[in-house]
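For reference, the structure discussed in these notes is given below.
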Amino acid sequence: MPSTVRTLKLPSGEAVPLLGQGTWKMGEDRRRRADEVSALKLGLDLGITLIDTAEMYASGGAEEVVAEAIAGRRDETFLVSKVLPSNASRAGVERACEASLKRLSTDRIDLYLLHWPGSVPLSETVEAFESLKAQGKIRYWGVSNFDTDEMEDLVGLPSGGNVQTNQVLYNLSRRGPEFDLAPWCAERGIPLMAYSPVEQGALARNARLEAVAARHNATAAQIALAWAMAQPGVIAIPKAVRQEHVRQNAAALDIKLAPEDFSDLDRAFPPPTRKRGLEMI
Ligand code: NAP
163 MPSTVRTLKL PSGEAVPLLG QGTWKMGEDR RRRADEVSAL KLGLDLGITL
213 IDTAEMYASG GAEEVVAEAI AGRRDETFLV SKVLPSNASR AGVERACEAS
263 LKRLSTDRID LYLLHWPGSV PLSETVEAFE SLKAQGKIRY WGVSNFDTDE
313 MEDLVGLPSG GNVQTNQVLY NLSRRGPEFD LAPWCAERGI PLMAYSPVEQ
363 GALARNARLE AVAARHNATA AQIALAWAMA QPGVIAIPKA VRQEHVRQNA
413 AALDIKLAPE DFSDLDRAFP PPTRKRGLEM I
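See the structure below:
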């Protein structure tokens with residue numbers, strides 16, 4: 163267990179863990195299922211109780227892996243899932259949510275996200291989210307892959323201000339959101355949920371990160387996570403199937419980067435100096 167379970171507050175006031183577990187690519191192969199379930203269970207044991215999934219991952223297969231991992235432990239889990247933009251109509255969201263609840267073997271999703279902006283008017287999706295909330299099928303809703311102008315449009319809609327997070331690609335090698343999106347969200351107390359925080363494994367092999375890691379008796383991936391979690395209002399959701407990775411990710415919560423580390427990381431991965439469109443994986 164990390165010595166402290168670090169949390170931040172959603173706009174609703176509810177505290178959620180700063181570190182979560184991703185599930186993209188889980189549920190794709192039956193032969194890997196037992197390892198995937200064990201990894202998520204180990205993460206829960208270590209206090210990484212926020213789990214991020216989506217109807218898209220393995221066409222629902224990842225949600226089934228999550229169901230198996232959280233069986234008997236639903237109340238200790240903060241469950242995040244996502245609806246595809248192609249299902250974002252009023253009726254589509256209702257149907258998609260029902261299907262996700264069934265695969266997740268639960269009666270509620272804690273945080274339900276629109277996976278990325280699509281062609282259904284956002285006002286319709288927000289209405290559907292609010293209706294699911296009223297029915298108790300979701301507790302909160304949010305968005306993913308929304309750039310600043312899209313967030314502006316969203317909060318201008320009736321009930322649009324109820325958004326609880328924006329999940330975006332954010333890590334040391336993808337610092338674009340720091341230019342305007344992250345400050346915009348921070349001003350409004352909306353957390354950014356950083357996906358691919360180790361750049362799908364690439365940052366775990368980065369020599370500049372290894373140099374900083376050596377000072378902490380840590381790994382490069384742990385430094386990438388410690389850096390992401392040190393950014394104000396940021397939640398990181400690495401995906402890990404190897405048990406050793408899950409343990410290392412939990413231990414990253416205890417790493418305190420020094421000013422010298424931050425300046426070395428800024429030199430290796432410079433912050434943005436102009437607006438760039440939000441990147442997506
Ligand atoms: P990621 O978390 O940056 O990287 C996952 C890869 O890094 C895996 O290969 C994993 O290996 C490896 N890894 C994890 N911890 C490690 C460690 N301590 N040391 C070395 N390697 C480590 O990439 P991601 O899966 O793309 O992103 C995380 C989650 O964000 C996803 O799973 C998904 O839930 C979410 N996501 C959301 C969106 C969106 O559009 N909203 C897009 C992409 C991702 P093993 O698995 O072998 O342990």
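Heads up: the sequence shown is residues 163 to 443, going by our numbering. Ideal Cβ positions, reconstructed from N, Cα and C, are used throughout, including at glycine. The model shown is predicted, which means the values in this text are computed figures rather than measured ones.
Proximal residues to E292 (C-beta, below 6 angstroms), its chain only, five neighbours per side dropped:
Position 130 of the sequence shown, counted from the first residue, corresponds to residue 292. Result list for E292: S321, in chain order.
Beta carbon of T185, beta carbon of V245: below 8 angstroms?
Your numbering for residue 185 matches position 23 in the sequence shown. Your numbering for residue 245 matches position 83 in the sequence shown. No, Cβ-Cβ distance for T185 and V245 is not below 8 angstroms.
When every heavy atom of ligand 1 is checked, does at least one fall within less than 7 angstroms of the C-beta of A402?
Taking the sequence shown and counting its residues from 1, the one referred to as residue 402 is at position 240. Yes, the Cβ of A402 comes within 7 angstroms of a heavy atom of ligand 1.
Quick check on this structure: which residue in P421, A196, I352 has the alpha carbon closest to the alpha carbon of A231?
Your numbering for residue 231 matches position 69 in the sequence shown. That would be A196, whose Cα lies nearest to the Cα of A231.
Measuring only the C-alpha atoms, how far is R409 from G223?
Walking along the sequence shown from the start, residue 409 turns up at place 247. Walking along the sequence shown from the start, residue 223 turns up at place 61. Distance between the alpha carbons of R409 and G223: 24 angstroms.
At which residue ranges does the segment 228 to 254 contain complete beta strand (DSSP E) runs of 3 or more residues, listed in the order of the chain?
240 to 245
What are the partner residues of V330, as DSSP defines its beta bridges?
Here residue 330 refers to the residue found at position 168 of the sequence shown. Per DSSP, A356.
Put A420 into one of helix, strand or coil per three-state DSSP.
For the purposes of this step, residue 420 is taken as the residue at position 258 of the sequence shown. Under the three-state reduction of DSSP output, A420 falls in the coil class, being neither helix nor strand.
State buried or exposed for I417, treating a residue as buried only when at least 16 other CB atoms are found within 10 Å of its CB.
Numbered from 1 along the sequence shown, position 255 holds the residue referred to as residue 417. When all chains shown are included, I417 counts as buried.
Which term fits M442, buried or exposed, when burial requires 16 or more other beta carbons within 10 angstroms of its beta carbon?
Along the sequence shown, read from residue 1 onward, the residue named residue 442 stands at position 280. With fewer than 16 other Cβ atoms within 10 Å, it is exposed.
Reference A390; option with closest CA among R404, L365, A402, E406
As a position in the sequence shown, residue 390 is number 228, starting the count at 1. The shortest C-alpha separation from A390 is found at L365.
If you draw a straight line from the alpha carbon of L170 to that of G395, how long is it in whole angstroms?
Taking the sequence shown and counting its residues from 1, one reaches residue 170 at position 8. Taking the sequence shown and counting its residues from 1, one reaches residue 395 at position 233. The straight-line gap from Cα to Cα measures roughly 7 angstroms.
Mind checking G304: buried by the 16 CB within 10 Å criterion, or exposed?
Against the sequence shown, residue 304 aligns to sequence position 142. With 16 or more other Cβ atoms within 10 Å, it is buried.
In terms of alpha-carbon separation, which member of E217, R367, G254, F341 lies closest to V282?
Walking along the sequence shown from the start, residue 282 turns up at place 120. Out of E217, R367, G254, F341, the CA that lies nearest to the CA of V282 is found in G254.
Report buried or exposed for A233, applying the criterion of at least 16 other Cβ atoms within 10 angstroms of its Cβ.
In the sequence shown, counting from the first residue as 1, residue 233 sits at position 71. Exposed, by the Cβ-count rule.
Residues near V403 in its chain [Cβ-Cβ closer than 6 angstroms; skip 5 each side]
As a working note, residue 403 is residue 241 in the sequence shown. So the list reads D197, E198, A201, once near-sequence residues are dropped.
With a Cβ-Cβ cutoff of 8 angstroms, do V325 and I300 count as a contact?
Taking the sequence shown and counting its residues from 1, one reaches residue 325 at position 163. Taking the sequence shown and counting its residues from 1, one reaches residue 300 at position 138. No, the pair does not count as a contact, with Cβ atoms beyond the cut-off.
Identify whether L275 lies in helix, strand or coil by the three-state DSSP scheme.
Taking the sequence shown and counting its residues from 1, one reaches residue 275 at position 113. Here L275 sits in strand by DSSP.
Closer than 7 angstroms: is that where the CB of D214 sits relative to any heavy atom of ligand 1?
Within the sequence shown, residue 214 is the residue found at index 52, counting from 1. Yes, the beta carbon of D214 sits closer than 7 angstroms to at least one heavy atom of ligand 1.
Alpha-carbon spacing of P345 relative to I397, whole angstroms
Position 183 of the sequence shown holds residue 345. Position 235 of the sequence shown holds residue 397. One C-alpha to the other measures close to 15 angstroms.
Quick one: what's A398 bridged to in DSSP?
Translated into positions along the sequence shown, residue 398 becomes position 236. Partner(s): L181, A356.
Rounded distance between the beta-carbons of N333 and S358, thought under 8 angstroms:
As a working note, residue 358 is residue 196 in the sequence shown. As a working note, residue 333 is residue 171 in the sequence shown. The Cβ separation is near 6 angstroms, so the contact holds.
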